[in-house]
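Q:
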Amino acid sequence: MTSYIFAAKILLAASVIGYASWLSDKKPVLAGFIVALPLVSILALLFSYIEHKDPEASITFAKSILFGVPISYLFFMPFLLADRFHLGFWQSYVSGLLLLVVGYFVHRAIMIVIG
Numbered sequence: 132m133t134s135y136i137f138a139a140k141i142l143l144a145a146s147v148i149g150y151a152s153w154l155s156d157k158k159p160v161l162a163g164f165i166v167a168l169p170l171v172s173i174l175a176l177l178f179s180y181i182e183h184k185d186p187e188a189s190i191t192f193a194k195s196i197l198f199g200v201p202i203s204y205l206f207f208m209p210f211l212l213a214d215r216f217h218l219g220f221w222q223s224y225v226s227g228l229l230l231l232v233v234g235y236f237v238h239r240a241i242m243i244v245i246g
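Per our numbering, the sequence shown starts with residue 132, numbered consecutively.
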């Protein structure tokens, strides 16, 4: 039974990503909005609670997401500043990934402080 649930979670997540990617060519603004929705967070919280039935862990998980979302915006900063600093796609992409590594450590420190 758990392998079916695991497969369903993968299929649902892959479908959302695949649809948004397909839509980005036709309607990039709508695709961006869909991707910006906290669908992954909503589904992950739900699946986690259903699977583990641990309210305390689910609340901690939600808090981690709450602090992680703004930190994840660091990935997009090089794209926002690409024109100003004459960055291409790959330079922006790699810089964004490096900023996410820094963001991970900031997130980790915040989560330690809030308990």
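We put the beta carbon where it would ideally sit given N, CA and C, even for glycine.
1. Using three-state DSSP, classify residue 238 as helix, strand or coil.
2. If you count every other CB in all the chains shown that lies within 10 Å of the CB of residue 246, and 16 or more means buried, which is it?
3. What residue range does the alpha helix (DSSP H) around residue 185 cover?
4. Look at the alpha carbon of residue 176 and the alpha carbon of residue 136, and state the distance between them as a whole number of angstroms.
5. Once DSSP output is grouped into helix, strand and coil, what is the label at residue 199?
6. First and last residue of the alpha helix (DSSP H) that includes residue 157?
7. Just to confirm my understanding: we take residue 237, look at its own chain, exclude 5 residues before and 5 after, and list those with CB closer than 7 Å. What are they?
8. Could you work out which residue in 226, 200 and 144 is closest to residue 212 when comparing CA atoms only?
A: The short version:
1. Helix, per DSSP.
2. Around the beta carbon of residue 246, fewer than 16 other beta carbons sit within 10 angstroms, so the residue counts as exposed.
3. If you look at residue 185, you'll find it isn't in any alpha helix (DSSP H); DSSP assigns it neither H nor E.
4. Going from the Cα of residue 176 to the Cα of residue 136 covers about 14 Å.
5. Residue 199 falls in the helix class under three-state DSSP.
6. Where residue 157 is concerned, the enclosing alpha helix (DSSP H) stretches over 133-157.
7. Short of 7 Å from the beta carbon of residue 237, and not among the five residues preceding or following it, lie these beta carbons of its own chain, in chain order: 202.
8. Among 226, 200 and 144, the Cα nearest to that of residue 212 belongs to 226.
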